[in-house]
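What follows is a set of notes on a single structure, which appears directly below.
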Amino acid sequence: MTKRTYLYNEHVKANAKIVDFAGWEMPVQYTSIIEEHNNVRKNAGLFDVSHMGEIFVSGKDALSFLQTFFPQNVAKLNDTMALYCQFTNENGGIVDDLIVYKLKDNEYLLVVNASRVDVDYEWLVAHKNDFEVIIENKSDVYSMVALQGPNAAEILALAGYEKEKQPKTFHIKQDKFIGEDVFISRTGYTGEDGFEIIIRNEKIAELWQLLLEKGQNLGIMPIGLGARDTLRLESAMSLYGHELDEDTTPLEAGLKWTIDKDKQENYIGKNVIQNQLQNGIRKKLIAFKMIDRAIARHGYEIYKNNEQIGIVTSGCISPTLNINIGFGYVSDTNLKINDTIQIMVRNKLYNAQITEKNFIKKHNKGN
Amino acid sequence: MLEKENIFCSKSHEYVCEQDGNCYIGLTDYAVEQLGDIVFVEMPEVGSHYAKGEIFGTVESVKAASELYMPVSGTVEAINEDLIEKPELLNEVAFNEIWLIKISADAYQQDVADLLGYDEYKEEVE
Chain H
1 MTKRTYLYNE
11 HVKANAKIVD
21 FAGWEMPVQY
31 TSIIEEHNNV
41 RKNAGLFDVS
51 HMGEIFVSGK
61 DALSFLQTFF
71 PQNVAKLNDT
81 MALYCQFTNE
91 NGGIVDDLIV
101 YKLKDNEYLL
111 VVNASRVDVD
121 YEWLVAHKND
131 FEVIIENKSD
141 VYSMVALQGP
151 NAAEILALAG
161 YEKEKQPKTF
171 HIKQDKFIGE
181 DVFISRTGYT
191 GEDGFEIIIR
201 NEKIAELWQL
211 LLEKGQNLGI
221 MPIGLGARDT
231 LRLESAMSLY
241 GHELDEDTTP
251 LEAGLKWTID
261 KDKQENYIGK
271 NVIQNQLQNG
281 IRKKLIAFKM
291 IDRAIARHGY
301 EIYKNNEQIG
311 IVTSGCISPT
321 LNINIGFGYV
331 SDTNLKINDT
341 IQIMVRNKLY
351 NAQITEKNFI
361 KKHNKGN
Chain W
368 MLEKENIFCS
378 KSHEYVCEQD
388 GNCYIGLTDY
398 AVEQLGDIVF
408 VEMPEVGSHY
418 AKGEIFGTVE
428 SVKAASELYM
438 PVSGTVEAIN
448 EDLIEKPELL
458 NEVAFNEIWL
468 IKISADAYQQ
478 DVADLLGYDE
488 YKEEVE
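Residue numbers (my numbering), protein chains in the order written: chain H, 1 to 367; chain W, 368 to 493.
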């Protein structure tokens, strides 16, 4: 049985095309994926991300408990700061990727992927041991929207949350907005400036309507999962189940920059990750652009010198650059930027070139 | 423009239409609507022959690649060259004003017998 978010009726009213995503009936597009994509880059877009999970970890041992999970160092977080993390298993494989927010001392919020909420919650509980913590999965209580794009801050201000109050990049605020307790963070999954707002289910439709109304003159549009995918790909953000899974370590996934190699505390999978830091990885994530006219898709094979060396994890057209782009894993970890590879598309090989991961230069205004 | 009363549609959402001595194959309006933004069309070689039900090309939207199946058997006489550079025309132009390929059909009447007339097809998909 698929689930519906509290914004389902809003999507239907807006003529969205609905698809099943991780057990949820979600809007894949309202008008056109390309139009929605370009609008987020140029103006602003509003996403229903209520399917994502909110897990709260609190208590005297909250920090030391969380430190046992991630290759990242949660101790570095000041109050109201956010950190991109991965849960790793004994083999260093990624159980999920998530954002950890420090709300205050002994109180953390974990925002996790929709498809992994139950896995993550059980993972936390299974490793609770003697830590004095309370682990609460409040995913059924809260809904979430993402307001993204160069006009996001202006629109949020017009909706009544002034710029002076808005959190800085990768920070979160617990505050009152539309008369309700909310969590507002300056985070997102598009490569643009923007916010993610968590609010009680019962208030999400009101917030959704308000942002669309106030953002009208600044070009806001509701955006579906289709454009969410092309936006994140262009800005080199991984998607769980595509670039990330339990057989892939953060180092293999190109997430070395997120790892604290000097972290003293033990965490699950640390041996494997430390070993990989010294001795290298089994495969590596590459980004590529198609030279020949073809589109690479999830599951297509990657070749070099007529030998299969890997597999595509994501691929699509880049609406911003009007080229075909993709990500994939290759076993040859010596491949470099500008090297040519081939992608097998319908039994024919097409040339592609390895590129920098971030296809678009981040054009956030900064804040 | 192809007259709707001459159009036959397959369950895989291609149409075929014989008009003014030519035989055109294209995508139904329902298919275009379902695909969303079309970003790539892979066309067959002119002169190649395909049996009814065989794959003759691919159409790709932002989200996915979908194969194109021959609604009738025949030999490719021409492809719509405009779609190579501008696949988005499929989204912009009425479905019966844009075709994918022109063929010479082997046995048109016989092959369309189990296809749906356009009106019947629309009722089926909607």
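Where is the CB? At the ideal position from N, CA and C, for every residue including glycine.
### Query
Quick one, which residues of the region 325-357 of chain H are near chain W if we go by CB-CB under 9 Å, in chain order?
V345 and R346
### Query
Using 9 Å as the limit for Cβ to Cβ distance, is D61/H near chain W?
no
### Query
What is the residue span of the beta strand (DSSP E) that R382/H lies within?
Nothing in the structure corresponds to residue 382/H, since chain H is present only between 1 and 367.
### Residues near K203/H by beta carbon distance below 6 Å, same chain, minus five either side
E180
#### Entry: Residues that T230/H contacts on chain W, provided the C-beta gap is smaller than 7 Å
V429
### Message
Just to check my reading of the structure: V429/W and G403/W have Cβ atoms closer than 8 Å, yes? What is that Cβ distance to the nearest angstrom?
### Response
6 Å
### Query
Shorter than 9 Å from the beta carbon of V406/W to some beta carbon of chain H?
yes
### Message
Residues of chain W with CB closer than 8 Å to the CB of S32/H, please, in chain order.
### Response
G403, D404 and N458
### Query
Between the region 297-322 of chain H and chain W, which residues of the former have CB atoms less than 9 Å from a CB of the latter, in chain order?
R297, C316, I317 and P319
### Query
How many angstroms separate the CA atom of R4/H from the CA atom of E25/H?
5 Å
### Message
With the cut-off set at 9 Å, would you say L66/H and L147/H are in Cβ contact?
### Response
no
### Query
Does DSSP classify L124/H as helix, strand or coil?
helix
### Message
Strictly under 9 Å for the Cβ-Cβ distance: is A294/H near chain W by that measure?
### Response
yes
### Query
When you check each C-beta in the region 155-188 of chain H against every C-beta of chain W, which residues fall closer than 9 Å?
none
#### Entry: Residues near Y417/W by beta carbon distance below 6 Å, same chain, minus five either side
F423 and M437
### Query
Looking at the unbroken beta strand (DSSP E) that takes in D378/H, where does it start and where does it end?
In the structure displayed, chain H extends from 1 to 367; residue 378/H sits before or after that span and is not available.
#### Entry: Nearest neighbour of P250/H, chosen from W123/H, L233/H and K270/H [CA to CA]
K270/H
### Query
Is the CB of T425/W under 9 Å away from at least one CB in chain H?
yes
### Query
Can you list the residues of chain W that G191/H reaches, using a CB-CB cut of under 9 Å?
Going along chain W, no residue has its Cβ under 9 Å from G191/H, so there is no contact; the nearest lies around 17 Å.
### Message
Between A432/W and chain H, is any beta-carbon pair separated by less than 9 Å?
### Response
yes
### Query
Can you list the residues of chain W that G219/H reaches, using a CB-CB cut of under 7 Å?
Chain W residues near G219/H: none, gap ~19 Å exceeds 7 Å.
### Query
Using a C-beta to C-beta distance shorter than 8 Å, which residues of chain W count as neighbours of G226/H?
G403, V429 and K430
### Message
In the DSSP assignment, the alpha helix (DSSP H) including R41/H goes from what residue to what residue?
### Response
I33 to K42
### Task
Determine whether the Cβ of E409/W lies closer than 9 Å to any Cβ atom of chain H.
yes
### Beta-carbon proximity list for V336/W, same chain, < 6 Å, skipping 5 on both sides
Any answer about residue 336/W is impossible in this case: the structure gives chain W only from 368 up to 493.
### Query
Is the CB of E25/H under 9 Å away from at least one CB in chain W?
no
### CB of K469/W within 9 Å of CB of C390/W, strictly
yes
#### Entry: Within-9 Å CB hit, Q29/H to chain W
yes
### Query
By the 10 Å Cβ neighbour count, where 16 or more other Cβ atoms means buried, how is D478/W classified, buried or exposed?
buried
### Message
Looking only at its chain, what residues have a beta carbon closer than 7 Å to the beta carbon of N364/H, apart from the 5 residues adjacent to it on each side?
### Response
In this predicted model, N364/H has a pLDDT of only 43, less than 50, meaning its place in the structure is not dependable enough to derive any value.
### Message
Across the region 440-451 of chain W and the region 401-415 of chain W, are there enough close Cβ pairs to call them in contact, namely three or more that are closer than 8 Å?
### Response
yes
### Of the residues L158/H, L233/H and L255/H, the one placed nearest E213/H, counting alpha carbons only
L158/H
### Query
When we look at the beta-carbon of T372/H and count the other beta-carbons within 10 Å, is it buried (16 or more) or exposed?
In the structure as shown, chain H starts at 1 and stops at 367, and residue 372/H therefore has no counterpart that could be examined.
### Query
At least one CB of chain W closer than 9 Å to the CB of K42/H: is that the case?
no
### Query
Could you give the distance in angstroms between the alpha-carbon of F359/H and the alpha-carbon of I317/H?
12 Å
### Message
Under 8 Å: do the region 118-137 of chain H and the region 43-63 of chain H share three or more Cβ pairs, one atom per stretch?
### Response
yes
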